[in-house]
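**Q** Residue numbers (the numbering used here): 1 to 616.
Next up, the structure:
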């Protein structure tokens, strides 16, 4: 791709500005671990919400989403349920409140709060640290692959070279450069740097989204889209089979992509996503940047508002851009895809569309926006993972009396080490789709059972958590190396069952230890679930204690929230493809669900902030 001088100036000015900002505010971050990792719990919820939205607006995920919309049409709106994307709804409805009441710094520290001291608690503490580090390294590899592929397609310089016979591709060189720059400003500024830069990144990315949406809407007509796609491409609903045949279009080889993904039996896929989604969402946020934003909030109600803001500000602009790029590619990029032969790389849809359709000036802004989206997500992981090494290993077990400066220095070294390992893994990744499916279905499949039970079952112990997580990690690793050809989502029930078995066996290996700690967890967190004996003891000791009776209300808000989120996905797509009546229907659905959430959720948040649970 050839870039004009103004595009190059915009890109390099942005990168220089981000690095400067990280260094400029580094003094605030270097005070202690609380400041470095959580911003001292002084950051306002809407800043954290914008930061979290920017962190989820990653380039690799955007490339993947554009590619699946191109291939699957409106039915692609369901495919992100693989994560599942609506776990964010569970978080803002109730889990953010429960989690923030703990007043801890990391997910591993939360384990000690949940299970108390003792061997079982220590084992569970160690296993969640291992999971956090492994998952972060996996995501870093995922981002490294995505940014390298993107930069190679949109930047004009070939950076391939070799060292002593070891070949470094241009994709890997770009990935190494961008990841190194991101690591530099993140380790210097900590959480303050992450939030400040991500707010700037979010604003740039939002402007870029509307620019791309405008280009897509004004460049492509509805008739051109109809001529480029197969029957059923515009249908959101589906049967047991996908029934999407590209044979009679200009790109019959798209059928090979559907076959390789294993999504032909779409009804079965949907059932698996629904099954996984419910349990995964109750399990709560994984120990990464999303959990860190929740723990950084000033109080429980603000943690919930932060998570709500993440969805509210991100989805419509993002899918406006995704739909714009997808229709441009469908109508105008068929020759480029045909030139690839039978092995079409759909992950190049996004950079090819930028190269061909975005004008000078806006191209530089858009590329800066995408780089900012990548940097925001990558920096969030760099900032979150070292807390587990420094706070949960070094400080807890090795040197609990070290100075704050030493802890911060070790945090910086840990960030650099983990980023390096993630990049090394990224050198060996062949496909974004392959890595996405493994992370979402196999690795997280091993996380779900134990982390679901920890919220809702009084008898669940640290031993149960350890063995449940260990069984899950073993099962997901076996899937990765022994059965790589099987689509990950279809083996999720097996991994989940194996992990659940380990959790139950571990729980009943020994009696419930640290009963007082479990009671304290229940008293402070106030979860609903299966807490009968513990609830009786807490109420006997404190007759004024009011147990959580909001399960039905939370369930209604979750259902409404999922529809509310889905409206923000399909509404911009229908708008771009000229399905105006359907777009109007989803506008009405969006307004109604927003009103319900306002009355049945937002207005109730004033009741969740008991001063006893708020960190001063």
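C-beta: ideal position from N, C-alpha, C; glycine also. All figures in this text were calculated on a predicted structure; none of them were measured in a lab.
#1: Taking all protein chains shown into account, do 16 or more other C-beta atoms lie within 10 angstroms of the C-beta of residue 432, making it buried, or fewer, making it exposed?
#2: With respect to the beta strand (DSSP E) encompassing residue 162, which residues constitute its N-terminal and C-terminal limits?
#3: Among all the DSSP beta bridges, which residues are the ones paired with residue 362?
#4: Applying the criterion that 16 or more other CB atoms from any shown protein chain within 10 Å of the CB defines a buried residue, is residue 486 buried or exposed?
#5: Tell me the start and end of each unbroken alpha helix (DSSP H) in the stretch 509 to 583 that is at least 4 residues and wholly inside, in chain order.
#6: Going by DSSP, what residues sit across from residue 224 in a beta bridge?
#7: Could you tell me which of 602, 474 and 362 sits nearest to residue 5, measuring between CA atoms?
#8: With a CB to CB cut of under 6 Å and the five nearest residues on each side skipped, what residues in its chain are close to residue 498?
#9: Within 10 angstroms of the Cβ of residue 599, are there 16 or more other Cβ atoms? Answer buried if so, exposed if not.
#10: If you draw a straight line from the alpha carbon of residue 398 to that of residue 391, how long is it in whole angstroms?
#11: Measuring alpha carbon to alpha carbon, tell me which residue in 378, 259 and 161 is nearest residue 52.
#12: Flag this pair as yes or no: are the beta carbons of residue 251 and residue 232 separated by less than 8 Å?
#13: Can you look up residue 246 in the DSSP assignment and give me helix, strand or coil?
#14: Give every residue of the same chain whose Cβ lies closer than 7 Å to the Cβ of residue 224, excluding the five residues on either side of it in the sequence, and list them in chain order.
#15: Taking residue 527 and residue 98 to be in contact with their CB atoms under 8 Å, please state how far apart those CB atoms are, rounded to whole angstroms.
#16: Whole alpha helix (DSSP H) runs in the stretch 456 to 502 with 4 or more residues, listed along the chain?
#17: For residue 464, count the other beta carbons within 10 Å of its own beta carbon; 16 or more makes it buried, fewer makes it exposed. Which is it?
#18: Closer than 6 Å by C-beta to residue 400: which residues in its own chain qualify, once you throw out the five before and the five after it? Chain order, please.
#19: Where does residue 166 fall in DSSP's three states?
#20: Since residue 312 is in the alpha helix (DSSP H), which residue starts that stretch and which ends it?
#21: Of all the options 507, 489, 173 and 501, which has the alpha carbon lying nearest to the alpha carbon of residue 155?
#22: Span of the alpha helix (DSSP H) holding residue 264?
#23: Could you check what DSSP says for residue 42 in three-state terms: helix, strand or coil?
#24: Should residue 214 be labelled buried (16 or more other beta-carbon atoms within 10 Å of its own) or exposed?
#25: Rounded C-beta distance between residue 137 and residue 421? I'm assuming under 8 Å.
#26: Among 553, 259 and 298, whose alpha-carbon lies nearest the alpha-carbon of residue 42?
#27: In three-state terms, what does DSSP make of residue 417?
#28: Measuring CB to CB, does residue 621 end up less than 8 Å from residue 447?
#29: DSSP three-state call for residue 87: helix, strand or coil?
#30: Assuming residue 617 is part of the alpha helix (DSSP H), what are its boundary residues?
#31: Going by DSSP in three states, residue 105 sits in which element: helix, strand or coil?
#32: Locate the alpha helix (DSSP H) running through residue 386, then write down its first and last residues.
#33: Would DSSP call residue 504 helix, strand or coil?
#34: What separation, rounded to the nearest whole angstrom, lies between the Cα atoms of residue 608 and residue 315?
#35: Please name the residue, chosen from 268, 413 and 121, that lies closest to residue 462 on a Cα-to-Cα basis.
#36: Cutting at 7 Å between CB atoms, please list the residues of its own chain near residue 66, excluding the five before and the five after it.
**A** Quick answer:
#1: By one-based count along the chain shown, residue 432 stands at place 432. Residue confidence is low: residue 432 scores 48 on pLDDT, short of 50, so the model does not pin down where it sits. Its coordinate-derived value is still stated next. Classification for residue 432: buried.
#2: Taking the first residue of the chain shown as position 1, residue 162 is located at position 162. Boundaries of the beta strand (DSSP E) harbouring residue 162: 161 to 163, taken from the DSSP string.
#3: Looking up residue 362 in the chain shown gives position 362. Partner(s): none; residue 362 has no beta bridge.
#4: Taking the chain shown and counting its residues from 1, one reaches residue 486 at position 486. Burial call: exposed.
#5: 515 to 525, 532 to 541 and 551 to 576
#6: Here residue 224 is taken as the residue at index 224 of the chain shown, counted from 1. Bridge partners of residue 224: none, in fact.
#7: What you label residue 5 is simply residue 5 of the chain shown in a count that begins at 1. Ranking the options by Cα distance to residue 5, first place goes to 362.
#8: Here residue 498 refers to the residue found at position 498 of the chain shown. Result list for residue 498: 471 and 475, in chain order.
#9: For this step, residue 599 is matched to residue 599 along the chain shown. When all chains shown are included, residue 599 counts as exposed.
#10: Taking the chain shown and counting its residues from 1, the one referred to as residue 398 is at position 398. Taking the chain shown and counting its residues from 1, the one referred to as residue 391 is at position 391. Roughly 10 Å separates the two Cα atoms.
#11: Taking the chain shown and counting its residues from 1, the one referred to as residue 52 is at position 52. Of the candidates 378, 259 and 161, the one whose C-alpha sits nearest the C-alpha of residue 52 is 378.
#12: One-based indexing of the chain shown puts residue 251 at position 251. One-based indexing of the chain shown puts residue 232 at position 232. The answer is no: Cβ separation not under 8 Å.
#13: Counted from its first residue, the chain shown places residue 246 at position 246. Here residue 246 sits in coil by DSSP.
#14: Within the chain shown, the letter at position 224 stands for residue 224. Excluding positions up to five away in sequence, the list reads 331.
#15: Residue numbering aside, residue 527 sits at position 527 when the chain shown is read from its first letter. Residue numbering aside, residue 98 sits at position 98 when the chain shown is read from its first letter. Yes, residue 527 and residue 98 are in contact; Cβ-Cβ is about 6 Å, under 8 Å.
#16: The stretch 456 to 502 contains these whole alpha helix (DSSP H) runs: 462 to 482.
#17: For the purposes of this step, residue 464 is taken as the residue at position 464 of the chain shown. Looking at its Cβ environment, which holds 16 or more other Cβ atoms inside 10 Å, residue 464 is buried.
#18: By one-based count along the chain shown, residue 400 stands at place 400. Correct list: empty, nothing qualifies.
#19: One-based indexing of the chain shown puts residue 166 at position 166. In this structure, residue 166 counts as strand in the three-state DSSP scheme.
#20: Working through the chain shown from its first residue, we reach residue 312 at position 312. Taken as a continuous stretch (DSSP letters only), the alpha helix (DSSP H) holding residue 312 covers 300 to 332.
#21: Walking along the chain shown from the start, residue 155 turns up at place 155. Cα-wise, what sits closest to residue 155 is 173.
#22: In the chain shown, counting from the first residue as 1, residue 264 sits at position 264. It is not in any alpha helix (DSSP H) - residue 264 carries neither H nor E in the DSSP assignment.
#23: Here residue 42 refers to the residue found at position 42 of the chain shown. Coil at residue 42, not helix or strand.
#24: In the chain shown, the residue the question calls residue 214 occupies position 214. By the 10 Å Cβ count, residue 214 comes out exposed.
#25: Position 137 of the chain shown, counted from the first residue, corresponds to residue 137. Position 421 of the chain shown, counted from the first residue, corresponds to residue 421. That belief holds up - the Cβ atoms of residue 137 and residue 421 are roughly 5 Å apart, short of 8 Å.
#26: Your numbering for residue 42 matches position 42 in the chain shown. The candidate whose alpha carbon is nearest that of residue 42 is 298.
#27: Looking up residue 417 in the chain shown gives position 417. When DSSP states are grouped into helix, strand and coil, residue 417 belongs to the helix group.
#28: Since the displayed the chain opens at 1 and closes at 616, residue 621 lies outside it and no answer follows.
#29: To locate residue 87, count along the chain shown from 1; it is residue 87. Three-state DSSP puts residue 87 in a helix.
#30: One cannot answer for residue 617 here, as it falls past the ends of the chain, which runs 1 to 616.
#31: Within the chain shown, numbered from 1, the residue matching residue 105 stands at position 105. In the structure shown, residue 105 sits in coil (DSSP, three-state: anything other than H, G, I, E or B).
#32: For the purposes of this step, residue 386 is taken as the residue at position 386 of the chain shown. Per DSSP, residue 386 belongs to the alpha helix (DSSP H) from 386 to 389.
#33: Here the question's residue 504 lines up with position 504 in the chain shown. Secondary structure of residue 504 (DSSP, three-state): helix.
#34: Counting from 1 along the chain shown, the entry for residue 608 is found at position 608. Counting from 1 along the chain shown, the entry for residue 315 is found at position 315. Between residue 608 and residue 315, the C-alpha separation is close to 27 Å.
#35: As a position in the chain shown, residue 462 is number 462, starting the count at 1. Among 268, 413 and 121, the Cα nearest to that of residue 462 belongs to 121.
#36: Counted from its first residue, the chain shown places residue 66 at position 66. Closer than 7 Å at the Cβ level, and outside the excluded window around residue 66, lie 322, 325, 326, 349 and 350.
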